[in-house]
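Heads up, the thing below is written out as structure tokens.
Residue numbers (UniProt numbering): 1 to 144.
Next comes the structure, spelled out in structure tokens:
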């Protein structure tokens with residue numbers, strides 16, 4: 001196995017260990033509430049940003065609404081458009097999910113020395129904040 005394959009496998013394993021349920025939320029629900037915590041959105045905006053089908057977003061929203069985590073309101077300018085907002089209960093669920101995720105990350109990182117944690121943090125920061133182009137090469141080269 002070459003280094004790229006090894007890194008890819010390690011990242012997938014870490015992702016599997018950290019993902020799953022986030023308190024009472026699934027990953028798609030967590031992603032939706034995270035967006036709504038910043039600002040209200042429409043179904044199509046959520047679907048586009050999260051790269052989920054509108055029907056998938058609607059199903060997730062139905063479950064979130066049943067738990068009183070979101071509310072749907074007609075848009076003031078266009079009654080055909082529905083704005084989705086997070087509720088106080090939704091904010092609390094989101095906070096709990098984030099705390100549980102951070103706890104799982106903390107448990108995973110405790111296996112590393114302080115120096116290893118700092119090195120990993122530096123590398124991840126570099127990858128996330130230095131505008132790495134994560135577009136698949138075929139798409140970048142116009143060979144899709």
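Glycine residues also receive a C-beta, built at the ideal position from the N, C-alpha and C atoms.
Fair warning: this is a prediction, and the values are worked out from it, not measured in the lab.
C-alpha distance - residue i paired with residue j, whole-angstrom precision
{"i": "residue 88", "j": "residue 58", "result": "20 Å"}
{"i": "residue 144", "j": "residue 103", "result": "The predicted model places residue 144 with a pLDDT of 47, which falls under 50 and marks its position as unreliable; any figure quoted below should be read in that light. Residue 144 and residue 103: Cα-Cα distance of roughly 40 Å."}
{"i": "residue 232", "j": "residue 31", "result": "With the chain covering only 1 through 144, there is no way to say anything about residue 232."}
{"i": "residue 100", "j": "residue 106", "result": "10 Å"}
{"i": "residue 28", "j": "residue 22", "result": "10 Å"}
{"i": "residue 86", "j": "residue 2", "result": "45 Å"}
{"i": "residue 118", "j": "residue 19", "result": "23 Å"}
{"i": "residue 61", "j": "residue 70", "result": "7 Å"}
{"i": "residue 5", "j": "residue 15", "result": "15 Å"}
{"i": "residue 76", "j": "residue 48", "result": "22 Å"}
{"i": "residue 68", "j": "residue 115", "result": "43 Å"}
{"i": "residue 128", "j": "residue 122", "result": "10 Å"}
{"i": "residue 73", "j": "residue 8", "result": "42 Å"}
{"i": "residue 64", "j": "residue 56", "result": "12 Å"}
{"i": "residue 40", "j": "residue 66", "result": "18 Å"}
{"i": "residue 110", "j": "residue 130", "result": "26 Å"}
{"i": "residue 11", "j": "residue 126", "result": "16 Å"}
CB contact flag (residue i, residue j, <8 Å)
{"i": "residue 37", "j": "residue 120", "result": "no"}
{"i": "residue 25", "j": "residue 97", "result": "yes"}
{"i": "residue 94", "j": "residue 34", "result": "yes"}
Rounded distance between the beta-carbons of residue j and residue i, thought under 8 Å
{"i": "residue 17", "j": "residue 108", "result": "7 Å"}
Cβ of residue i within 8 Å of any chain D Cβ
{"i": "residue 104", "result": "The structure shown contains no chain D; it is built from a single protein chain."}
Give, in chain order, every unbroken run of the beta strand (DSSP E) that is at least 3 residues long and sits entirely within the UniProt domain "HTH marR-type" (1-129).
-> With a minimum length of 3 residues, the continuous beta strand (DSSP E) runs that stay inside the UniProt domain "HTH marR-type" (1-129) are 70-74 and 82-86.
Say whether the stretch 80-100 touches the stretch 42-61, bearing in mind that this needs 3 or more beta-carbon pairs closer than 8 Å, one atom from each stretch.
-> Contact holds between the stretch 80-100 and the stretch 42-61, because three or more Cβ pairs, one in each stretch, are under 8 Å apart.
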